[in-house]
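One structure is given here, and the rest of the page talks about it.
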Ligand SMILES: [Zn+2]
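In this note's numbering, the protein residues as written are 536 to 637.
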């Protein structure tokens, strides 16, 4: 194989391990859940899912699963959800610490 091709493959292998190089700005997937198949999409840091749970809560098991899979490749905003958002947990902990007597 040509040496420049080998160099590109080696670089690709290294890039594939360095996920912080990648920011996913948008995507669209078909998600086969236990009960039904759903359309999950990300655009402008906003998730969408066509499941009923998402209608009420603006997040769901499908979005949470995508956030787990894609992790650091998502923007900070796209990594967080209505529940389980790390910032909200830290704020809650800080409030508890402030309320506790010294
Ligand atoms: Zn969903």
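Glycine included, C-beta positions come from ideal geometry on N, C-alpha and C.
Could you tell me the boundaries of the beta strand (DSSP E) in which residue i lies?
| i | result |
| --- | --- |
| residue 583 | 581 to 584 |
Just to check, is the beta-carbon of residue i closer than 8 Å to a non-hydrogen atom of ligand 1?
| i | result |
| --- | --- |
| residue 575 | yes |
| residue 645 | Coverage of the chain is limited to positions 536 through 637, which leaves residue 645 absent and any answer about it impossible. |
| residue 596 | yes |
| residue 550 | no |
With residue i and residue j assumed to form a contact (beta carbons below 8 Å), what rounded beta-carbon distance in angstroms separates them?
| i | j | result |
| --- | --- | --- |
| residue 602 | residue 614 | 6 Å |
| residue 527 | residue 564 | The structure shown does not extend to residue 527, since the chain is modelled only from 536 to 637, so the question has no answer here. |
| residue 610 | residue 580 | 5 Å |
According to DSSP, which residues form a beta bridge with residue i?
| i | result |
| --- | --- |
| residue 578 | 561 and 581 |
| residue 609 | 559 |
| residue 566 | 573 |
Could you give the residue range of the alpha helix (DSSP H) that holds residue i?
| i | result |
| --- | --- |
| residue 549 | 538 to 552 |
| residue 616 | That residue, residue 616, is in no alpha helix (DSSP H); it is neither H nor E in DSSP. |
Using a Cβ-Cβ cut-off of 9 Å, state whether residue i counts as contacting chain C.
| i | result |
| --- | --- |
| residue 605 | Of the chains in the structure shown, none is chain C; there is only one protein chain. |
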